[in-house]
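Structure first, commentary second.
There are 2 protein chains.
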Amino acid sequence: MFMNKSNFHHGNLKEEFIKHSFKFIEQNDVDKLTLKVLSDATGTSRSAIYKHFRSKDKLMEAIIISGFNKFDHMLAPILKDKNEPLVDRFYKAGFEYIKFAKTHPNLYRLLFGHKYYKLREDLISINDENCSGFGALKVAVIEGQDAGLLKKESAMTRTILIWSALHGLSSLIIDGFMDIDKDIDTIYEELFNSMLESTLDSKVKIASKLPFIGSLIKHK
Amino acid sequence: MFMNKSNFHHGNLKEEFIKHSFKFIEQNDVDKLTLKVLSDATGTSRSAIYKHFRSKDKLMEAIIISGFNKFDHMLAPILKDKNEPLVDRFYKAGFEYIKFAKTHPNLYRLLFGHKYYKLREDLISINDENCSGFGALKVAVIEGQDAGLLKKESAMTRTILIWSALHGLSSLIIDGFMDIDKDIDTIYEELFNSMLESTLDSKVKIASKLPFIGSLIKHK
DNA sequence: TAAAGAAGTTAACATTGTTTACTTTATTTT
DNA sequence: AAAATAAAGTAAACAATGTTAACTTCTTTA
């Protein structure tokens, strides 16, 4: 006999592959995610996945697209929340950025690593300023420049600079550069202050009202 | 017949493997470096490498160790050159850091990426302040804090912050985040200024005497 | 109800890293 | 110098991985 009836998935197997992939990389390195892992997890054969994705890379791309959605929907609302003072929004966005990387290190590496950068390029240029985290940051940066919070060079320059600082710190944290979690709070505090205009003397006070990364993440 | 005489390497095959690996990743992604590539390049059999390295990972570690030496010997002398003003040393060190990443992107990813972070931890803690780039930066940071050039929180905090900013910008550049090279100069200029004490008003002038990244690398 | 297409399976392939058994060269011992 | 031993190479086979081709079963639709 070739197959028993219960093995037949009807339409949702594609989503199941993605879902299991997400669950897997919450706990394991991305390069440990093999097609065997997924066929075992879904109870299908080794090649079933090819009915839903042209290749493993296409599956990874689907994960990345979905991951960027998750990331963007975490970041953009914080930056656009008009009820909060702008400084607080910046502080919280940076905070949540690093927290995201720390909480989902494998997903973060997948999203911002080198291997699929072509796809990311497409995603970032396709996404308009309303959905993309990068786009939302750029809008907020312009707002911050108008309010005298950020230096008034090109908005793109300032946006990349902020992103780059967050990306750098996040990467060092999740890639094993820093042994002690408790320093992260201090470092982020300083990073945050470095980003703001030097004329602003209220910045430390405003920032320190908000929660800290080390503490928050440790007790999760 | 089993083997002709000319095939026998005498003692230098190990170095040849490393040398060819370096040459290869100058032009290709690290994950394209297979044992077949190396056996073809050295004219040996597929398994000859196992007489010199316990596994492929051990070869990669040798490459990383050698790569860090290269990196450290590029960075440390710049930071320790007492003939240059400290600001210039900082500026040039950051400049050369980014240039290194841009010139050897695959090696840079190997050195600072996630996969072999365990080894890097060992290397950085083993290397003393005299040879390691990180160590040299920390020494320079203390000097900079004493001179009123950098903020006077913990030296480790400030060092990590600088490193993280350079790492973040370098990563964004080599991982395809930025389409236009000419903006890199401006961004580095701003990054550099953000790092210095806000009371220092000579910083832009001092910095702009020095060469720019985009231009320098483009005509290489 | 028959045909067609979607969604599975099985079996085979090439590529990769790796191991084992063997051979050749170099070195050391007697 | 001859013999023994170690070092450095080869060939052949493995398991794991991504992938493809040929086949089967379920679902839909004309």
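Residue numbers (our numbering), protein chains in the order written: chain S, 1 to 220; chain Z, 221 to 440. We put the beta carbon where it would ideally sit given N, CA and C, even for glycine.
Take residue i as the anchor and find which of the options has the nearest alpha-carbon.
{"i": "Leu111 of chain S", "options": "S:Ala41, S:Lys70, S:Pro85 and S:Ile187", "result": "S:Lys70"}
{"i": "Tyr116 of chain S", "options": "Z:Val361, Z:Asp395, Z:Lys300 and Z:Leu386", "result": "Z:Asp395"}
{"i": "Gly168 of chain S", "options": "Z:Lys338, Z:Asp342, Z:Ser345 and Z:Ile318", "result": "Z:Ile318"}
{"i": "Ala268 of chain Z", "options": "Z:Ser384, Z:Glu417 and Z:Asn232", "result": "Z:Asn232"}
{"i": "Met398 of chain Z", "options": "S:Tyr108, S:Glu121 and S:Gln27", "result": "S:Glu121"}
{"i": "Gly368 of chain Z", "options": "Z:Ser418, Z:Leu258, Z:Ser265 and Z:Lys252", "result": "Z:Ser418"}
{"i": "Met415 of chain Z", "options": "Z:Ile393, Z:Leu370 and Z:Ile362", "result": "Z:Leu370"}
{"i": "Leu137 of chain S", "options": "S:Ala41, S:Leu166 and S:Lys32", "result": "S:Leu166"}
{"i": "Ser171 of chain S", "options": "Z:Gly333, Z:Asp251 and Z:Asp366", "result": "Z:Gly333"}
{"i": "Ile65 of chain S", "options": "S:Ile173, S:Ile124 and S:Ser154", "result": "S:Ile124"}
{"i": "Lys276 of chain Z", "options": "Z:Glu316, Z:Lys302 and Z:Asp251", "result": "Z:Asp251"}
{"i": "Phe315 of chain Z", "options": "Z:Arg329, Z:Met294 and Z:Met280", "result": "Z:Met294"}
{"i": "Leu119 of chain S", "options": "S:Leu59, S:Trp163 and S:Lys14", "result": "S:Leu59"}
{"i": "Tyr328 of chain Z", "options": "Z:Asp308, Z:Asp301 and Z:Gly287", "result": "Z:Gly287"}
Verify whether the separation of the beta carbon atoms of residue i and residue j is less than 7 Å.
{"i": "Ala62 of chain S", "j": "Gly133 of chain S", "result": "no"}
{"i": "Thr323 of chain Z", "j": "Ile187 of chain S", "result": "no"}
{"i": "Leu381 of chain Z", "j": "Glu190 of chain S", "result": "yes"}
{"i": "Cys131 of chain S", "j": "Asp185 of chain S", "result": "no"}
{"i": "Asn106 of chain S", "j": "Asp29 of chain S", "result": "yes"}
{"i": "Gly364 of chain Z", "j": "Leu306 of chain Z", "result": "yes"}
{"i": "Phe237 of chain Z", "j": "Tyr311 of chain Z", "result": "no"}
{"i": "Leu79 of chain S", "j": "Ala101 of chain S", "result": "no"}
{"i": "Leu35 of chain S", "j": "Phe24 of chain S", "result": "no"}
{"i": "His20 of chain S", "j": "Leu38 of chain S", "result": "yes"}
{"i": "Ile173 of chain S", "j": "Ala155 of chain S", "result": "no"}
Helix, strand or coil for residue i per DSSP?
{"i": "His387 of chain Z", "result": "helix"}
{"i": "Asn232 of chain Z", "result": "coil"}
{"i": "Asn83 of chain S", "result": "coil"}
{"i": "Tyr336 of chain Z", "result": "coil"}
{"i": "Asn326 of chain Z", "result": "helix"}
{"i": "Phe237 of chain Z", "result": "helix"}
{"i": "Arg378 of chain Z", "result": "helix"}
{"i": "Lys440 of chain Z", "result": "The pLDDT assigned to Lys440 of chain Z is 29, lower than 50, so where the model puts this residue is not dependable; a value taken from the coordinates is nonetheless given after this. Coil."}
{"i": "Gly148 of chain S", "result": "coil"}
{"i": "Leu33 of chain S", "result": "coil"}
{"i": "Leu75 of chain S", "result": "helix"}
{"i": "Met178 of chain S", "result": "coil"}
{"i": "Ser275 of chain Z", "result": "coil"}
{"i": "Gly43 of chain S", "result": "coil"}
{"i": "Ser345 of chain Z", "result": "helix"}
{"i": "Ser66 of chain S", "result": "helix"}
{"i": "Gly193 of chain S", "result": "The amino acid occupying residue 193 of chain S in the given sequence is Asn; Gly does not appear at that position. Helix, per DSSP."}
Cβ of residue i within 6 Å of any heavy atom in the ligand SAH?
{"i": "Ser194 of chain S", "result": "Questions concerning the ligand SAH fall outside what the structure shown contains, since it holds no ligand whatsoever."}
Chain Z contacts made by the region 72 to 99 of chain S, where a contact means CB separation under 7 Å: none
Residues within the region 14 to 39 of chain S neighbouring chain Z, beta-carbon criterion of under 7 Å: none
Members of the region 400 to 416 of chain Z near chain S, C-beta cut-off 8 Å: Asp403, Thr406, Ile407, Glu410, Leu411, Ser414 and Met415
Contact list for the region 159 to 170 of chain S against chain Z, Cβ threshold 9 Å: Ile160, Leu161, Trp163, Ser164, Ala165, Leu166, His167, Gly168, Leu169 and Ser170
Within 8 Å of chain S by C-beta, residues of the region 353 to 380 of chain Z in sequence order: Lys371, Glu373, Ser374, Met376, Thr377, Arg378 and Ile380
Residues in the region 47 to 72 of chain S having any Cβ partner in chain Z nearer than 9 Å: none
The region 111 to 124 of chain S: positions lying closer than 9 Å to chain Z by Cβ: Phe112, Gly113, His114, Lys115, Tyr117, Lys118, Arg120, Glu121 and Ile124
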